[in-house]
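Novice: In this text, residue positions in the sequence shown follow full-length UniProt numbering: the first is 1, and each later residue adds one.
Idealized CB from N, CA, C, for every residue including glycine.
Owing to the predicted nature of the structure, the values given are computational and were not obtained by experimental measurement.
Would you mind keeping the following structure in view while I ask a few things?
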Amino acid sequence: MEFSGVEFRYAGGGTSTSRRAVAVLGVLLAVLVTGCSAATSESRQADETTSSTRRAKVDLSTLPDATTFGTTPDAPSDPTPRSGTDGVVLRVERDIAVHDSVGGEAIARLPATQFESPTWVPIVAERDGWARVLLPSRPNGSTGWVRLGTEKVHKAHSPYVVDVDVGNRRLVVLENGRELGSWSVGVGSVDTPTPRGRTFILASIRETVSDFSPIILPLGTHSETYTTYGGGPGTVALHGWPEPEVFGTASSDGCVRVPGDALRLLRSLPLGTLVRLR
């Protein structure tokens with residue numbers, strides 16, 4: 001199959017070495033200002049050293065993959081699945097560890113590619129040099145924390161949001177809150193519903209096996225009825241459909257079927273763009 005990606009302008013932070021130097025200087029200043037004992041200072045430095053060592057020793061090969069094919073059972077759930085984001089997305093340049101909290105245990109490996117497309121994931125929170133991101137793995141709504149300020153990741157911004165009102169079977173594309181287009185779409189049936197929650201455009205795949213849609217846009221969420229679609233992992237997607245009578249109906253196996261002009265716009269959006277299924 002052939003794949004298409006989207007190029008971003010990156011915005012990164014400083015090196016990990018300089019960040020550690022600043023952290024150590026901060027500890028020393030705190031001792032001078034507060035009059036903490038030498039023992040307290042040594043204890044804090046020991047804690048920092050232990051935490052850094054634990055992160056340095058993470059063996060990515062032992063962690064479950066945070067991909068649409070993987071399951072991350074220890075990943076914390078999205079705390080606000082109905083919310084939006086600030087539009088900040090993270091490009092994973094090299095495989096990285098995903099943690100269960102800021103500085104916490106490593107629970108997954110987030111690879112640099114998804115479906116052979118570059119990995120872009122939405123950031124839903126930031127704290128103390130860490131970012132909480134949406135993951136494309138099962139269970140739906142999985143999130144995790146990754147370290148910022150390294151050469152492995154870069155931040156960018158997507159001004160777009162894809163809003164799918166599953167109940168009313170309508171899809172709207174927004175740019176900076178301004179509507180670019182609105183369409184009647186097909187959604188999952190009563191027995192095979194489209195999942196709810198916030199997710200994102202995971203990849204862009206040129207379809208070469210069947211002819212029902214020239215482009216498939218897999219999302220970072222899965223069917224909660226099926227474990228597989230035709231041998232795949234049951235990934236829900238935005239895609240076209242040759243029969244227009246399906247638009248406005250609840251008749252799919254969970255995917256969102258869109259008209260041709262909607263698909264042309266959707267395929268132009270950056271990977272990692274937020275999709276709200278509500």
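Looking only at DSSP bridge pairs, what is L219 linked to?
Specialist: For L219, which the question treats as bridged, DSSP gives the partners I201.
Novice: Can you check the segment 217 to 256 for any beta strand (DSSP E) of at least 3 residues that lies completely inside it and give the ranges in chain order?
Specialist: Runs of the beta strand (DSSP E) inside the segment 217 to 256: 235 to 240, 250 to 252.
Novice: The alpha helix (DSSP H) with R264 in it runs from where to where?
Specialist: Where R264 is concerned, the enclosing alpha helix (DSSP H) stretches over 260 to 266.
Novice: Secondary structure at S210, three-state DSSP: helix, strand or coil?
Specialist: If DSSP states are grouped into helix, strand and coil, S210 belongs with coil.
Novice: Roughly how many angstroms separate the alpha carbons of K155 and G129, rounded to a whole number?
Specialist: Taking the straight line from one Cα to the other gives about 12 Å.
Novice: Which residues mark the beginning and the end of the beta strand (DSSP E) in which T143 is found?
Specialist: Residues 143 to 147.
Novice: Beta carbon of P111, beta carbon of T67: below 8 Å?
Specialist: Taking 8 Å as the Cβ cut-off, P111 and T67 qualify as a contacting pair.
Novice: Using a Cβ-Cβ cutoff of less than 8 Å, which residues in the same chain neighbour S252 once the five nearest sequence positions on both sides are dropped?
Specialist: Hits under 8 Å: G186, V187, G188, S189, T192, T194, V246.
Novice: Once you ignore the five residues that flank R132 on each side, which residues in its own chain have a CB closer than 6 Å to its CB?
Specialist: Taken in chain order, the residues that qualify are V124, A125, T143, W145.
Novice: In the DSSP assignment, find the beta strand (DSSP E) that holds G181 and state where it starts and stops.
Specialist: Segment 178 to 184, the beta strand (DSSP E) holding G181.
Novice: So V209 and L238 are in contact, right, with Cβ under 8 Å, and what is the actual spacing, rounded?
Specialist: Their Cβ separation, rounded to whole angstroms, is 17 Å, which puts V209 and L238 out of contact at 8 Å.
Novice: In this structure, what does DSSP give as the bridge partners for A125?
Specialist: A125 is bridged to R132.
Novice: Considering only C-alpha positions, which residue in the set P136, W183, G230, S77 is nearest to R170?
Specialist: Looking at the Cα atoms, W183 is the closest of the given residues.
Novice: Is R267 near I215, with beta carbons less than 8 Å apart?
Specialist: Their beta carbons are under 8 Å apart, which means R267 touches I215 by this criterion.
Novice: In this structure, how does DSSP classify L189 when only helix, strand and coil are distinguished?
Specialist: A small correction: the amino acid at residue 189 is Ser; Leu does not occupy that position in the sequence shown. Correct three-state label for S189: coil.
Novice: So, helix, strand or coil for T119, using DSSP?
Specialist: Three-state DSSP puts T119 in coil, outside helix and strand.
Novice: Where DSSP assigns a beta bridge to A97, which residues make up the other side?
Specialist: For A97, which the question treats as bridged, DSSP gives the partners R109.
Novice: If you check the beta carbons only, do L277 and R196 fall under 8 Å apart?
Specialist: In this structure, R196 lies closer than 8 Å to L277 by Cβ.
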